[in-house]
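Working notes for the structure below.
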DNA sequence: TTGACATAGTGTCTCAGAGACACTATATTT
DNA sequence: AAATATAGTGTCTCTGAGACACTATGTCAA
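What follows is the structure, given as structure tokens:
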């Protein structure tokens, strides 16, 4: 039985919405829950802070993601805190949600059973039983990702270290669900000065495509205008 | 003495950076701490969630602000969570920081001693002893406020319900610390369709100024371009 | 009463960058 | 060699921010 003090403390957890783009489809990493509440439902990877292991909540998010998938996100940022009495049957709870991006790779299945962690297209989430308010959290994360895609180059974090304009364009279009102009993307790549051209080109069914990569020290800058919605 | 379980739990608090603009100066509400740690230093208004009083963390922020000032913010939004072992001498701590805007009004001094809560110009914060990492939190909140001011009408929440373009312009300039073009502001007011013209005008030392107010159901929209930095 | 001044608000030009889309370049496939 | 596919460029339009001169209308002082 917990102490009286403890009863008054809310549960505090850290959850992450890890996005990737595979085959031009935006997908989210979901984990099949093994414990109550919402046992056997799908939920976001996450858990409790471990004060001995985690320097801060960012580390909690990274540790939990690594435990479920075996890899580390290319980009990780805070989304928002969700709190309240209704969101967890155990009582008042507080969740710090992160959103993260990674270049597509298969989930390491050797860690746990194959069913444990899985990429799910965001458009198919409604067909599943989702734990807690995680569907809302994912929806908000998607909106934030879409917004940032309109005024930054965030989607590069869904690509491998070297990539072509065509790949970047495809990933952006998968995220914002609208076609964009290749020309606009080229202008932004030029203007941002964040990228360097490789001396390699790769084949893609037509003229060879120039490979680009993020400069080692590059900051992700924000443009002053959005792409059109 | 807390239970062994409790020792492992981080301290979780909610703090708010409440901004206002008075006499063309951006100010922050600071509270003089009465308890350790950082007794007698200045800190952000905030405190612990009270599960019996607060439906969620937003309510915690509002409750604590009301307790210190006697009024409610016009706008309140999450800033970011700050966490770690070093930020509080008592051990690992987690703070959810909010930022908020209010039209200037004197802090209700009847609630506590006059010195308890006080508007401090952000430019003068470095002259004070500030508790914890609250200076960093305020700095991040200021940056967020500046960014949002470039692409939204957020600064209206620093003004009374009815206001003139000149007042709005002054508040924006106090926040971003740059002059802006009245014409650009007029265009945005027109385009946003968020405001309605009053049938009153007020005197301001020259030609009478049109009074505007937010439409009752208006959402704060985001513009697709920033004002120039 | 009138003229100086202050603040409110408009007209209109320039400029940057997004959208559109035709055009060129260069690979693969048949 | 021709068809086709993808990469990349040239250039026009369009929107909205910046600049700034101009008009409008109030207050105040002589």
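Residue numbers (this note's numbering), protein chains in the order written: chain A, 464 to 692; chain B, 464 to 692.
We put the CB at the ideal spot given by N, CA and C, even for glycine.
Small disclaimer: the values here were computed from a predicted structure and weren't measured.
Asked                                                                                                                             : Found
Beta-carbon proximity check, residue 474 of chain A vs residue 554 of chain A, cutoff 8 Å                                         : yes
8 Å contact criterion, which residue 585 of chain B and residue 491 of chain B should meet: CB distance rounded                   : 6 Å
Cβ pair residue 480 of chain B, residue 540 of chain B closer than 8 Å                                                            : no
Burial state of residue 635 of chain A (16 or more Cβ within 10 Å)                                                                : buried
Bridge-paired residues (DSSP) for residue 543 of chain A                                                                          : A:560
Simplified DSSP state of residue 656 of chain B, which is helix, strand or coil                                                   : coil
Test: residue 577 of chain B CB closer than 8 Å to a CB of chain A                                                                : Note that residue 577 of chain B has pLDDT 47, beneath the 50 cutoff, so the model's placement of it is unreliable and no number is given.
Top-ranked residue by Cα proximity to residue 551 of chain B, from B:518, B:597 and B:592                                         : B:597
Residue-level contact to chain B via CB, residue 655 of chain A, 8 Å cutoff                                                       : no
Reference residue 495 of chain B, options B:653, B:608 and B:595, closest by Cα                                                   : B:595
Which of helix, strand or coil DSSP assigns to residue 476 of chain B                                                             : strand
Whether residue 667 of chain B touches residue 627 of chain B by CB criterion (8 Å)                                               : yes
Cutoff 8 Å: residue 605 of chain A Cβ touching any chain B Cβ                                                                     : no
Stretch-stretch touch, CB-based, cutoff 8 Å, three pairs: the stretch 530-538 of chain B with the stretch 525-541 of chain A      : no
Alpha-carbon spacing of residue 486 of chain A relative to residue 524 of chain A, whole angstroms                                : 26 Å
Residue-chain proximity (residue 547 of chain A, chain B), Cβ-Cβ < 8 Å                                                            : yes
Residue 679 of chain A classed as buried or exposed, judged by whether at least 16 other C-beta atoms fall within 10 angstroms    : exposed
Residue 591 of chain B classed as buried or exposed, judged by whether at least 16 other C-beta atoms fall within 10 angstroms    : exposed
Spatial neighbours of residue 673 of chain B in its chain, beta-carbon cut-off 8 Å, leaving aside the 5 residues before and after : 627, 628, 660, 661 and 664
Pair within 8 Å by beta-carbon distance, residue 692 of chain B and residue 617 of chain B                                        : no
Assigned secondary structure, residue 676 of chain B (DSSP; H/G/I helix, E/B strand, else coil)                                   : strand
8 Å Cβ cutoff, residue 553 of chain B in contact with chain A                                                                     : no
Selection from A:599, A:483, A:685 and A:647 that minimises the alpha carbon distance to residue 544 of chain A                   : A:599
Of the residues A:476, A:483 and A:506, the one placed nearest residue 512 of chain A, counting alpha carbons only                : A:476
Within-8 Å CB hit, residue 520 of chain A to chain B                                                                              : yes
Residues of the stretch 524-537 of chain A with Cβ closer than 8 Å to any Cβ of chain B, in chain order                           : none
Cα-Cα separation, residue 643 of chain A to residue 614 of chain A                                                                : 13 Å
Cβ of residue 663 of chain B within 8 Å of any chain A Cβ                                                                         : no
Cβ pair residue 604 of chain A, residue 571 of chain A closer than 8 Å                                                            : no
Span separating the alpha-carbon of residue 580 of chain A from that of residue 687 of chain B                                    : 38 Å
Own chain, CB closer than 8 Å to residue 472 of chain B, minus 5 neighbours either side, in chain order                           : none
One or two residues paired with residue 483 of chain B in a DSSP bridge                                                           : B:490
Supposed contact pair residue 631 of chain A and residue 619 of chain A - C-beta distance, whole angstroms, cut 8 Å               : 6 Å
Nearest-angstrom Cα separation, counted from residue 483 of chain A out to residue 510 of chain A                                 : 21 Å
Distance between residue 478 of chain A and residue 519 of chain A (C-alpha atoms, nearest Å)                                     : 14 Å
Contact belief for residue 690 of chain A with residue 647 of chain A at Cβ below 8 Å, rounded distance in angstroms              : 7 Å
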